[in-house]
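Report on the following structure.
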Amino acid sequence: MITLNDFMIVSVVLFCIGLFIIVSKKNAIQILIGIELMLNAAILNLVAFGKYDRANNGGQMFALFAIVLAAATTAVALAIILNVYRQYRTINPDKVNQLKD
Amino acid sequence: MNPTLPYTDAQTVTLAIIAVVLPFAAFLVNFLLLGKSKASGWVSTLAILASTVLAANVFFKVWNSPGIHTQQVWFTIGATKVQAGILLNNLSVLMLLLVSVIALPVHIYSTAYMKDDDGYSRYFRYLSLFCFSMLALVVVDNLILLYAFWELVGFSSYLLIGFWFTRESAIIANKKAFIINRIGDIGLLTAIIILYTQFNTFDIQQLFGDKGLIVNSIIANGEWTGALGSIPALWQYVAFGGVFLAVAAKSAQFPLHTWLPDAMEGPTSVSALIHAATMVAAGVFLLGRVYPMFNGTELTVLAVIGCFTAFMAATIALTQNDLKRILAYSTISQLGFMVMAMGVGAYSSSLFHLATHAFFKCLLFLVAGIVIHQVKHIKDDNNLDIDPQNILHMGGLRKKLPLTFIAAIIGALALVGLPLTSGYLSKDGILIQAFDWSDNKGGILKLIPYAALFTSWLTAFYVARLIVKVFFGEFRLQKMNPHIHIHMGDGGWQYKLPLVFLALCCLFPLFSLSPIFYEDAWLYKGFLQANFLARENMYHYIIPVLVNILSVVVIYFAYMIYVKRNTWSFPQTGMLFRISFNEWYIDSFYNRVIVRFVMWLSNALYWFDSKVVDGFVNLLEKIGIAIAGIAAWLDKHIVDGLLHLIADIVHGIGGFARRFQGGKIQYYLFSMLLVLITVFILKLIWT
Chain A
59 MITLNDFMIV
69 SVVLFCIGLF
79 IIVSKKNAIQ
89 ILIGIELMLN
99 AAILNLVAFG
109 KYDRANNGGQ
119 MFALFAIVLA
129 AATTAVALAI
139 ILNVYRQYRT
149 INPDKVNQLK
159 D
Chain B
13 MNPTLPYTDA
23 QTVTLAIIAV
33 VLPFAAFLVN
43 FLLLGKSKAS
53 GWVSTLAILA
63 STVLAANVFF
73 KVWNSPGIHT
83 QQVWFTIGAT
93 KVQAGILLNN
103 LSVLMLLLVS
113 VIALPVHIYS
123 TAYMKDDDGY
133 SRYFRYLSLF
143 CFSMLALVVV
153 DNLILLYAFW
163 ELVGFSSYLL
173 IGFWFTRESA
183 IIANKKAFII
193 NRIGDIGLLT
203 AIIILYTQFN
213 TFDIQQLFGD
223 KGLIVNSIIA
233 NGEWTGALGS
243 IPALWQYVAF
253 GGVFLAVAAK
263 SAQFPLHTWL
273 PDAMEGPTSV
283 SALIHAATMV
293 AAGVFLLGRV
303 YPMFNGTELT
313 VLAVIGCFTA
323 FMAATIALTQ
333 NDLKRILAYS
343 TISQLGFMVM
353 AMGVGAYSSS
363 LFHLATHAFF
373 KCLLFLVAGI
383 VIHQVKHIKD
393 DNNLDIDPQN
403 ILHMGGLRKK
413 LPLTFIAAII
423 GALALVGLPL
433 TSGYLSKDGI
443 LIQAFDWSDN
453 KGGILKLIPY
463 AALFTSWLTA
473 FYVARLIVKV
483 FFGEFRLQKM
493 NPHIHIHMGD
503 GGWQYKLPLV
513 FLALCCLFPL
523 FSLSPIFYED
533 AWLYKGFLQA
543 NFLARENMYH
553 YIIPVLVNIL
563 SVVVIYFAYM
573 IYVKRNTWSF
583 PQTGMLFRIS
593 FNEWYIDSFY
603 NRVIVRFVMW
613 LSNALYWFDS
623 KVVDGFVNLL
633 EKIGIAIAGI
643 AAWLDKHIVD
653 GLLHLIADIV
663 HGIGGFARRF
673 QGGKIQYYLF
683 SMLLVLITVF
693 ILKLIWT
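Below, the structure is given as structure tokens:
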């Protein structure tokens, strides 16, 4: 029997992997992948908690909604990364630091 | 100038001042304008010539007149006005004339004598300064100026004695002269201060005039009472002691005479000037100026010291071999006569002897200068290793230097005091008055005139020895070195003229129309203290005869010994000979006792200074450095450290904070995460 705890553990593992990728990787694409992983961890939570919702399939609905939103943001992010690459000839976020004070 | 002075007197004073200042002007011209030019000799000579003419003019105006005294306020200290001025009386005009008349031939002589010297122009500078100091010394009217010029005379003689300053012996000699004169100067200063304390004035005329403060002051009941009050009589004796020290140092009297023989290191022409008119005369002149302040006891001290000096110097002169040294000791001896004459009350005889002595001693020194010059030429021409001043090398020079010989004979006869010379008049005056004086004295004081008489025979002997050794017999230098080349002569007119002039001045007509009786000398008429002039007792006949007959015998005796060598000669090993030859061991005594003591004292003081005083200062310095070190450490580590600490903290905070603004988004993210986690952990702990 797969319990809520198991979902939560998978979700935490996913989140942590995503967080680690975001913090440690030096490639914007990889960071984007990390973000997706974290997003997926949240979506997994939504689905897992949806079981306890009074409304039926509310969690799944939100999950779908979030996936669509994630796709949209990823598309925007990729576009930004592409422009950043054009501008700086690199996608290493450490090198792209002109927004700092 | 004092406006109340009659016109003629004012004119005389002006002339006197010009006469005094001219040599100084020559000094300035030589010093500032001429540099090393040979013209300096003639500038100085012309100045002294003009001074002589003016001095003669002043002399004839003032002599036997009441004298001229003019002064004006020099400076004021508190309520005391110090006057400066000119005092022309018989004494000062006599000295004024004497100094310039003696200085003139010396200047002329020097132009030839110093011709080849590198320091020719320096020499004349010093000489002019010397003459100026002495001329000024004799005319000033107050003790402060007198003291100033007294010092200046000492200083310029110091310069001249050490003229050849590359010679070690000259340096030692001028140092010695200067130091010994300094001892006398302290005495004079003490006396001046005491006189001022007692009488509140420096004015010579007020102090020592006929009705002056000194004459009216009395010593009674152990108090010295003057017009302004009384002080213990002891001070009067201290003042006398001071004056005596001053006189003894300048005029080379017994305890302080040792500088004069050493002063021979200067050029001979300078010796002539020092010995005749400028330096040593200052002491006797001072005695003459302050004469009224001496009481009976003090005069006796003067007489004893003078007599002893005369005797001692004469015995030393018997055995010396250095030509100039013999003359130096004879000067000391004659000065002793003068001081003794002051002591026995023969005031005018003393000054008379000063005047006559000036001429014949100057003459003898100029003669010595020529002789030494010639012998030195021989020495240089033939590369001999001899002392050109040693009379043992000379002899028989009368044929080679005929004029010099005649001059020397005249000078020598005057020094011995044989008739027809001026020395006869003045010396007999002193001797006769000494006998008169001792008549009413008792005990050992009776010996003084006899000692003086004996001294004058000694004088006859050493003078005869000197003349005979130098001018008679055969030229021993030639005898020892038969093939040396000899070329000698009296020299040019600059040598001859002064000799002739001075030789004429050594003869009697200058001073008295009568060659036999000193009482007729015009000089005696000029001084109030001219007593003993009446031919009241037998001394006036016996003594001249006695002196002269025995002198002639003594001279003949010396002639026999030194020329004929057919009688016994003196043993040169006896104790008397050694005492005389070593100058009574006075110098060695001074060297062994006083100089050693002073050296020891100065070493001790030096030690004290370098160890204790300097040590203390060094200790303070070290303490200061240590404190400064501590302060520096505190400043660097505490004060600066605090500031650095604050700066470091700020820097650290800044550095810490700026890391969050590094523009690295991942880092931002990471720190955000960290904060979140921290918040959660804290929340966990606190709940």
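Which chain is which? The protein sequence lines are A and B, in order. In short: position in the first sequence from 1, add 58, done, that's my numbering. In short: position in the second sequence from 1, add 12, done, that's my numbering. C-beta atoms are modelled at their ideal positions from N, C-alpha and C, and glycine is treated no differently.
(message) Run through the DSSP bridge pairs and tell me what Thr433 of chain B is partnered with.
(response) Looking up residue 433 of chain B in the second sequence gives position 421. Partner(s): B:Leu519.
(message) Report the CB separation of Gln673 of chain B from Ile80 of chain A in whole angstroms; it is logged as a contact under 8 Å.
(response) The count along the second sequence starts at 1 and reaches residue 673 of chain B at position 661. The count along the first sequence starts at 1 and reaches residue 80 of chain A at position 22. Actually they do not touch by this definition, with Cβ atoms about 19 Å apart.
(request) Under the assumption that Ala106 of chain A contacts Leu62 of chain A (Cβ atoms under 8 Å), give the Cβ distance between them as a whole number of angstroms. (result) Sequence index remark: in the first sequence, residue 106 of chain A carries index 48 (1-based). Sequence index remark: in the first sequence, residue 62 of chain A carries index 4 (1-based). Contact flag correct, Cβ pair sits at about 6 Å.
(message) For a contact defined as C-beta to C-beta under 9 Å, what are the partners of Asn155 of chain A on chain E?
(response) Of the chains in the structure shown, none is chain E; the protein chains are A and B.
(message) Just to confirm, is the Cβ distance from Leu66 of chain B to Ile30 of chain B under 7 Å?
(response) Within the second sequence, residue 66 of chain B is the residue found at index 54, counting from 1. Within the second sequence, residue 30 of chain B is the residue found at index 18, counting from 1. In this structure, Ile30 of chain B lies closer than 7 Å to Leu66 of chain B by Cβ.
(request) With DSSP as the reference, please indicate the residues paired to Glu310 of chain B in a beta bridge. (result) For the purposes of this step, residue 310 of chain B is taken as the residue at position 298 of the second sequence. According to DSSP, Glu310 of chain B bridges with nothing at all.
(request) Output yes if chain A places a C-beta closer than 7 Å to the C-beta of Leu701 of chain B; else output no. (result) What is shown of chain B runs 13 to 699, which leaves residue 701 of chain B out entirely.
(request) Compute the minimum distance between the beta carbon of Ile89 of chain A and the heavy atoms of the ligand NAD, and state whether it is under 6 Å. (result) Of the ligands one can find in the structure shown there are none, so the ligand NAD has no counterpart to examine.
(request) Assess, as a yes-or-no matter, whether the stretch 397-408 of chain B is touched by the stretch 480-490 of chain B under the definition of 3 or more beta carbon pairs within less than 8 Å. (result) yes
(request) Grab the span of the alpha helix (DSSP H) containing Lys481 of chain B for me, first residue to last. (result) Position 469 of the second sequence, counted from the first residue, corresponds to residue 481 of chain B. 459-483 is the extent of the alpha helix (DSSP H) around Lys481 of chain B.
(message) Any contact between the stretch 69-84 of chain B and the stretch 22-38 of chain B? By contact I mean 3 or more CB pairs, one from each, below 8 Å.
(response) yes
(request) Tell me whether Ala91 of chain B sits in a helix, a strand or coil according to DSSP, three-state version. (result) Here residue 91 of chain B corresponds to residue number 79 of the second sequence, with the count starting at 1. Looking at Ala91 of chain B - three-state DSSP - the assignment turns out to be coil, as it is neither helix nor strand.
(request) Leaving out five residues on either side along the sequence, give the residues of the same chain with a beta carbon under 8 Å from the beta carbon of Ile149 of chain A. (result) Locating residue 149 of chain A in the first sequence gives position 91, counting from the first residue. Within the same chain, Ile149 of chain A has close Cβ partners Asn85, Ala86, Ile87, Ile139, Val142, Tyr143.
(request) Taking the CB atoms as reference points, tell me whether Ile422 of chain B and Ala570 of chain B lie closer together than 7 Å. (result) Position 410 of the second sequence holds residue 422 of chain B. Position 558 of the second sequence holds residue 570 of chain B. Against a cut-off of 7 Å, the Cβ pair of Ala570 of chain B and Ile422 of chain B comes out as no contact.
(request) For Lys388 of chain B, I'd like the list of residues in its chain whose CB is within less than 7 Å of its CB, leaving aside the five on either flank, ordered along the chain. (result) As a position in the second sequence, residue 388 of chain B is number 376, starting the count at 1. Contacts found: Pro400.
(request) Mind checking which residues open and close the alpha helix (DSSP H) that includes Glu740 of chain B? (result) An answer regarding residue 740 of chain B cannot be provided, because it is not within the stretch 13 to 699 covered by chain B.
(message) Using only CA atoms, which one of B:Phe144, B:Leu613, B:Cys518 lies nearest to Ser56 of chain B?
(response) In the second sequence, residue 56 of chain B corresponds to position 44, counting from 1. For the residues B:Phe144, B:Leu613, B:Cys518, the minimum Cα distance to Ser56 of chain B belongs to B:Phe144.
(request) Tell me whether the beta-carbon of Gly238 of chain B lies closer than 7 Å to the beta-carbon of Gln210 of chain B. (result) One-based indexing of the second sequence puts residue 238 of chain B at position 226. One-based indexing of the second sequence puts residue 210 of chain B at position 198. Between Gly238 of chain B and Gln210 of chain B, the C-beta spacing is below 7 Å.
(request) Put Ile243 of chain B into one of helix, strand or coil per three-state DSSP. (result) Looking up residue 243 of chain B in the second sequence gives position 231. Three-state result, Ile243 of chain B: strand.
(request) Just mark Ile637 of chain B as buried or exposed, buried being the case when its beta carbon has 16 or more other beta carbons within 10 Å. (result) Position 625 of the second sequence, counting from 1, holds the residue named residue 637 of chain B. In this structure Ile637 of chain B is exposed. Its beta-carbon is surrounded by fewer than 16 other beta-carbon atoms within 10 angstroms.
(request) Return the chain-ordered list of same chain residues with a C-beta closer than 7 Å to the C-beta of Ser592 of chain B, the five sequence neighbours on each side being excluded. (result) Counting from one through the second sequence, the residue named residue 592 of chain B turns up at place 580. The residues are Thr327, Ile328, Leu330, Thr331.
(message) Under 7 Å, Cβ to Cβ, is there at least one residue of chain B near Val81 of chain A?
(response) Residue 81 of chain A sits at position 23 when you count from the first residue of the first sequence. Cβ-Cβ to chain B under 7 Å: yes for Val81 of chain A.
(message) Suppose contacts are defined by Cβ-Cβ distances below 7 Å. Is Leu314 of chain B in contact with Met276 of chain B by that definition?
(response) Sequence index remark: in the second sequence, residue 314 of chain B carries index 302 (1-based). Sequence index remark: in the second sequence, residue 276 of chain B carries index 264 (1-based). Not closer than 7 Å, so no.
(request) Look up Gln1 of chain B in the DSSP assignment and say whether it is helix, strand or coil. (result) Nothing about residue 1 of chain B can be read from this structure; chain B reaches only from 13 to 699.
(message) Using only the alpha-carbon positions, how far apart do Asn155 of chain A and Tyr680 of chain B sit?
(response) The count along the first sequence starts at 1 and reaches residue 155 of chain A at position 97. The count along the second sequence starts at 1 and reaches residue 680 of chain B at position 668. Cα to Cα, the separation comes out at about 12 Å.
(message) Can you look up Val282 of chain B in the DSSP assignment and give me helix, strand or coil?
(response) Mapped onto the second sequence, residue 282 of chain B falls at position 270. Correct three-state label for Val282 of chain B: helix.
(message) Rounding to the nearest angstrom, what Cα-Cα distance links Phe589 of chain B and Ala189 of chain B in this structure?
(response) For the purposes of this step, residue 589 of chain B is taken as residue 577 along the second sequence, with counting starting at 1. For the purposes of this step, residue 189 of chain B is taken as residue 177 along the second sequence, with counting starting at 1. Using only the alpha carbons, I get a separation of about 27 Å.
(message) For Glu94 of chain A, report the span of its alpha helix (DSSP H) as first-last.
(response) Numbered from 1 along the first sequence, position 36 holds the residue referred to as residue 94 of chain A. Glu94 of chain A -> alpha helix (DSSP H) spans 86-108.
(message) Which of the three DSSP states is assigned to Val152 of chain B in this structure?
(response) Here residue 152 of chain B is taken as the residue at index 140 of the second sequence, counted from 1. Reduced to three states, the DSSP call for Val152 of chain B is strand.
(request) Please state whether DSSP places Trp236 of chain B in a helix, a strand or coil. (result) Translated into the one-based positions of the second sequence, residue 236 of chain B becomes position 224. Trp236 of chain B falls in the strand class under three-state DSSP.
(request) Can you give me the start and stop residues for the alpha helix (DSSP H) that Thr178 of chain B sits inside? (result) Here residue 178 of chain B is taken as the residue at index 166 of the second sequence, counted from 1. No alpha helix (DSSP H) holds Thr178 of chain B; DSSP gives it neither H nor E.
(request) Would you kindly work out how many angstroms separate the C-alpha atoms of Leu77 of chain A and His656 of chain B, rounded to a whole number? (result) As a first step, residue 77 of chain A must be located in the first sequence, where it is residue number 19. As a first step, residue 656 of chain B must be located in the second sequence, where it is residue number 644. For Leu77 of chain A and His656 of chain B, the distance between alpha carbons rounds to 41 Å.
(message) At 3 residues or longer, what runs of the beta strand (DSSP E) sit wholly inside the stretch 581-606 of chain B?
(response) none
(request) Figure out for me which residue from B:Ser169, B:Thr178, B:Gly221 has the closest Cα to the Cα of Trp271 of chain B. (result) Translated into the one-based positions of the second sequence, residue 271 of chain B becomes position 259. For the residues B:Ser169, B:Thr178, B:Gly221, the minimum Cα distance to Trp271 of chain B belongs to B:Ser169.
(message) Mapping the DSSP letters down to three states, classify Gly501 of chain B as helix, strand or coil.
(response) The residue labelled residue 501 of chain B in the question sits at position 489 within the second sequence. Note: Gly501 of chain B maps to coil in three-state DSSP.
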